[in-house]
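Residue numbers (this note's numbering), protein chains in the order written: chain F, 1 to 213; chain P, 1 to 213; chain S, 1 to 213.
The C-beta atom is built at its ideal place from N, Cα and C for all residues, glycine as well.
What follows is a set of notes on a single structure, which appears directly below.
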Amino acid sequence: MWALPPTDTVLQVLSLVALAAQAMSAALAAGRRRMDWVGVCFLGCITALGGGTIRDVLLGHYPLLWVENPFYLALTAGSAFATILIARAVHRLSVAFLVLDAIGLVVFTMAGCDVAWQVNASLPIVIVSGMITGCAGGVLRDILCNDVPLLFRSELYASVSVVTGLFYATAFGLKLTDDVWTVLTFVLGLSFRLLAIRYKWEMPKFVFNEDRK
Amino acid sequence: MWALPPTDTVLQVLSLVALAAQAMSAALAAGRRRMDWVGVCFLGCITALGGGTIRDVLLGHYPLLWVENPFYLALTAGSAFATILIARAVHRLSVAFLVLDAIGLVVFTMAGCDVAWQVNASLPIVIVSGMITGCAGGVLRDILCNDVPLLFRSELYASVSVVTGLFYATAFGLKLTDDVWTVLTFVLGLSFRLLAIRYKWEMPKFVFNEDRK
Amino acid sequence: MWALPPTDTVLQVLSLVALAAQAMSAALAAGRRRMDWVGVCFLGCITALGGGTIRDVLLGHYPLLWVENPFYLALTAGSAFATILIARAVHRLSVAFLVLDAIGLVVFTMAGCDVAWQVNASLPIVIVSGMITGCAGGVLRDILCNDVPLLFRSELYASVSVVTGLFYATAFGLKLTDDVWTVLTFVLGLSFRLLAIRYKWEMPKFVFNEDRK
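Here you go:
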């Protein structure tokens, strides 16, 4: 998410916008559970920055982004707090937020792959690192809201992250020009996610009902 | 919490007492959920030591206090276990425990600021580090008890920690004599928390009810 | 779990089988909560590998096993996924899985002790490290399934881990031949756990009902 080279200014801007959007969606979830203002800001920060944080802790990749650059804390906490004032508007723009969330999923996945690549992780770990960066924040949000994580129950979310990571990681193997490949991956991942939302594609569920005796 | 210099003997003692008190309060929460003896001891340890542990993992500050000095595990597990025997008494002393918990909040916040300061974190991270140290243990407790974290729902708890940290951190900037400032911060933070309890000050809540369509 | 010396081939094989078995049991739990296929695989990985991961993060022992050797991810995710196809069979073999889980508990505890020993942790931490390795995966599973962790509520599970660790750790002190002691510990730990299951031994519970006023 934060490891993009400075030339990728567009992706940088997109990732900041996506961080803010994820914090704002989390703030709405906090509002549904009647959290107080502090809880809203916390949940915004943890949801938006949690994926990258878990990845860095698992890879032993210190210092964490937001420790080095507290601006990210201010951005996400501020976005969450602003949501309290403009909740109706945020809610009405829910389609826009789905798109922003999808952009975040793809951009964060790519950035997670980059970080793992930099610490010389193997290819499977590069992909897992992308997936953790893209998805784990939402899992933390659901745990803190006392839900079974949505990620585990529905939609092509983690799958989009895996496909994006796979596609992106082949670039490392093929040594293609970064820029072209980055744009291709972004377009592919985003389209996949948006189509999945539009046509309600879902992973098959595993339903097991028999009571243990 | 544990980073206080040896001269601060009073604070050291207070922090040990507060650790024990937090473990004992957590043990009562475990009892309300009918946990077994092992669960009671675990919940006591995790609640009392969890904030400092999360802080150290996020800052990459190893070894963890309780790894280096397992006495802390014995103290908190022992206090939790003792609570099983004297639950009624602990319950009856709930006001005393609220005060001890408030002392812990302030002392742990200051110690968390100290640790971040030692690893040369920036000022916002010093304050966040204090807040994590003071508050995250209770969040872990609530997650393990399968509740929405109390911290996110009510009371001036995290806010007290932030104000304490802000006040304490200005000392680093101003290079005042440590001892005076430490005492001042302690008194301010504790008073703030106790007044918040006494007069039931609360953060405003963010309530958002409209169902997502 | 993964730190066993190459001579312990039998234990190595047992630990792989136990990892797969824990992932498969977790997959059934996922099926009871109607998770999708991705959730099933995640829950399998997190349950089987989570204990060792938490231990390594707390001890600052990098790189994590599954980062270094992604085969473990493939093994546990694959086992969980296979469970979707053969859920009835897995369910019918529940006694076999209880035994495999017990083997895992003992083998992982011993491996956790080994890791802590290698990083020169003190004796109490060696035992705690074994317990975290053996038990924490199940706690993560229960948190993600939105349950109060089973570990905290019943059965001699953590206790078996502690006794196994204590017994195993005395070998470090006594400098006995490793092999003999390893086998002895394995037999003792496994017998203890199986007897506890067979005769429904339980930890006493701490029940505290009085409402806080």
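Interface residues of the stretch 24 to 53 of chain S facing chain F [CB-CB below 8 Å]: Ala27, Leu28, Ala30, Gly31, Arg32, Arg33, Arg34, Met35, Asp36, Trp37, Val38, Gly39, Val40, Phe42, Leu43 and Thr53
Where Asn146(F) meets chain S, residues with beta-carbon distance less than 7 Å: Asn146
Presumed contact (8 Å Cβ cut-off) between Gly112(P) and Gly138(P), rounded CB distance: Actually they do not touch by this definition, with Cβ atoms about 14 Å apart.
Closest Cα partner of Pro70(S) within the set Ala116(F), Val162(F) and Pro124(F): Pro124(F)
DSSP state of Asp179(F) mapped onto helix, strand, coil: helix
Beta carbon of Met24(P) nearer than 9 Å to that of Ala77(P): no
C-beta neighbour in chain S for Lys200(P), strict 9 Å: no
Distance CB(Ala116(S))-CB(Val126(S)) smaller than 9 Å: yes
Any chain F beta carbon closer than 9 Å to Ser122(P): yes
Which residues DSSP lists as bridging Lys205(P), in chain order: Asp36(F)
Selection of the stretch 81 to 93 of chain P by Cβ proximity to chain S, strictly under 7 Å: Ile84, Ala87 and His91
Ile143(F): contacting residues in chain S (beta-carbon distance under 9 Å): Those within 9 Å of Ile143(F) in chain S are Ile143, Leu144 and Asn146.
Beta-carbon contacts of Asp56(F) that lie in its chain and below 6 Å, excluding the five residues immediately before and after: Taken in chain order, the residues that qualify are Leu64.
Proximal residues, the stretch 122 to 137 of chain S versus chain P, C-beta separation under 8 Å: Ser122, Pro124, Ile125 and Val128
Sequence-distant residues of its chain with Cβ nearer than 8 Å to Leu49(P) (five each side left out): Same-chain partners within the cutoff: Leu19, Leu65, Trp66, Tyr72, Leu73, Thr76 and Gly137.
Short CB-CB distance (under 9 Å) between Ala111(F) and chain S: no
Short CB-CB distance (under 9 Å) between Asn209(S) and chain P: yes
Below-9 Å beta-carbon distance, Gly60(S) vs any chain F residue: yes
Whole-angstrom distance between Lys200(P) and Asp157(S), CA atom to CA atom: For the record, residue 157(S) in the displayed sequence is Tyr; it is not Asp. Their Cα atoms are separated by approximately 42 Å.
Nearest to Ala87(F) (by Cα), restricted to the options Thr164(F), Val180(F) and Ala26(F): Ala26(F)
Contact under 9 Å by Cβ, Asn146(P) with Val148(S): A contact, by the Cβ cut-off of 9 Å.
Neighbour list for Leu195(F) in chain S, Cβ cutoff strictly below 9 Å: None at all; the shortest Cβ gap to chain S is about 17 Å.
Any C-beta of chain P under 9 Å from that of Pro63(S): no
Start-to-end residues for the alpha helix (DSSP H) that takes in Val119(S): No alpha helix (DSSP H) contains Val119(S), which DSSP labels as neither H nor E.
Euclidean distance between Cα positions of Phe172(F) and Val180(F): Spanning the alpha carbons of Phe172(F) and Val180(F) requires a straight line of approximately 13 Å.
Min CB distance Pro70(S) to chain F below 9 Å: yes
7 Å CB neighbourhood of Lys213(P) in its chain, flanking five on each side removed: With a pLDDT of 40 at Lys213(P), under the threshold of 50, the predicted position of this residue should be treated as unreliable, though the coordinate-derived value follows. Answer for Lys213(P): no residue qualifies.
9 Å Cβ cutoff met for Ala196(F) and Glu155(F): The answer is yes: Cβ separation under 9 Å.
Beta-carbon contacts of Arg193(S) that lie in its chain and below 8 Å, excluding the five residues immediately before and after: Counting only Cβ-Cβ distances below 8 Å, and skipping sequence neighbours, we find Ala102, Leu105, Val106, Leu156, Tyr157 and Val160.
Best match in Thr164(S), Gly60(S), His61(S) and Leu151(S) for proximity to Thr109(S) [C-alpha to C-alpha]: Thr164(S)
Within 9 Å, strictly: CB atoms of Gly51(F) and Thr133(F): yes
Leu73(S) at chain F interface by Cβ criterion, 9 Å: yes
CB contact below 9 Å: Val13(P) versus chain C: Included in the structure are the protein chains F, P and S, with no chain C among them.
Coarse secondary structure for Cys145(S), derived from DSSP in three states: coil
Within 9 Å, strictly: CB atoms of Phe208(S) and Arg92(P): no
Environment of Arg198(S) [buried if 16+ CB atoms lie within 10 Å]: exposed
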